[in-house]
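With the working numbering, you'll find the sequence shown wraps up at 268, consecutive numbering, no jumps.
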Amino acid sequence: MRQLSVVHAALAALLISLAAYLLLAYFVVPEIWIFRDRHRLSASNTMVTATADDIPGDPINVGLVGSKAQVVRAFAAARWYPADAITLRSSIDIGLSVVLDRPDREAPVSPLFYDGRKQDLAFEKAVGESADQRHHVRFWLTDRSDNDGRPVWLGSATFDRGVGLSHDTGQITHHIGADIDAERDFLISDLQAAGQIESTYEIDGIGATTDGRNGGGDRYFTDGLALIGIVASGTENRQGGAPAGNASLPQ
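Printed below as a string of structure tokens:
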């Protein structure tokens, strides 16, 4: 009977600790962060995403010009997989993938917001045997198009180097690699190698940054440019030409 009481007490303490962690990490600390660092919010420009807690997230550093079907086809050809929606099942699956070191090629990505909207598309490419490390990108459909009427998608490409706790809030998150330009360039070159990009051009992004911080408190550096890829309208690779009508994009 005494042993049973000890077990019940331990379980109660565990549940209380878990509830306290969830309350602090997902409700209290984000509000404290916003109050303490609200100057970072006002300083953010239009080429930075935000977390669900309105904390500045990953910068916009990549883009594509093409229909949704063309974009999806391009990533499929390059063997990138669409990210699952966040559900209880997908959350359990990604947790087991990391803990048990087993594949989860369509693991969910956390929501980020740009222009007030959650990402419209997200793709990933695993590194290793689990979802602990992966290349991934989120895209938002804009109201802009090129001269041929094809829509412009702006995105944020980063490399997830491992699962941990957010430096800002303590929430469970993926930590990103600091060199976000390398991930931007990898994404476009991977699509080019698959014959899916016919040309590229650059636009101004966040601006040169040597000591940026994203929504998880991870440091990053960048030349501040966003690399835009023109998705090939056919199956052939037609690299090297001029963009098929540059869209009017924010500078």
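Backbone N, C-alpha and C fix where the C-beta goes; we use that ideal spot for every residue, glycine too.
Predicted model, so just to flag it, every value in this text is computed and none were measured.
{"Item": "Delimiting residues of the alpha helix (DSSP H) encompassing residue 210", "Value": "197-210"}
{"Item": "Residue 74 versus residue 97: straight-line alpha-carbon distance, rounded", "Value": "23 Å"}
{"Item": "Cβ neighbour criterion (16 or more within 10 Å) applied to residue 208", "Value": "buried"}
{"Item": "Distance between residue 141 and residue 217 (C-alpha atoms, nearest Å)", "Value": "21 Å"}
{"Item": "Integer-rounded CB distance, given that residue 66 should sit under 8 Å from residue 173", "Value": "6 Å"}
{"Item": "Sheet register partners of residue 219 (DSSP bridge)", "Value": "244"}
{"Item": "Residue 39 classed as buried or exposed, judged by whether at least 16 other C-beta atoms fall within 10 angstroms", "Value": "The predicted model places residue 39 with a pLDDT of 47, which falls under 50 and marks its position as unreliable; any figure quoted below should be read in that light. Exposed, since its Cβ has fewer than 16 Cβ neighbours within 10 Å."}
{"Item": "Beta-carbon proximity of residue 175 to residue 194, cut-off 8 Å", "Value": "yes"}
{"Item": "Three-way DSSP call (helix, strand, coil) for residue 138 in this model", "Value": "strand"}
{"Item": "Residues sharing a beta bridge with residue 159, DSSP", "Value": "Residue 159 is not bridged to any residue."}
{"Item": "Backbone CA spacing between residue 78 and residue 231 [nearest angstrom]", "Value": "13 Å"}
{"Item": "Selected residue, minimal CA-CA separation from residue 200, among 83, 166, 244", "Value": "244"}
{"Item": "Supposed contact pair residue 137 and residue 198 - C-beta distance, whole angstroms, cut 8 Å", "Value": "Going by Cβ atoms, the distance from residue 198 to residue 137 rounds to 23 Å, so no, they are not a contact pair."}
{"Item": "Closest by C-alpha distance to residue 90, when choosing among 124, 105, 214, 155", "Value": "214"}
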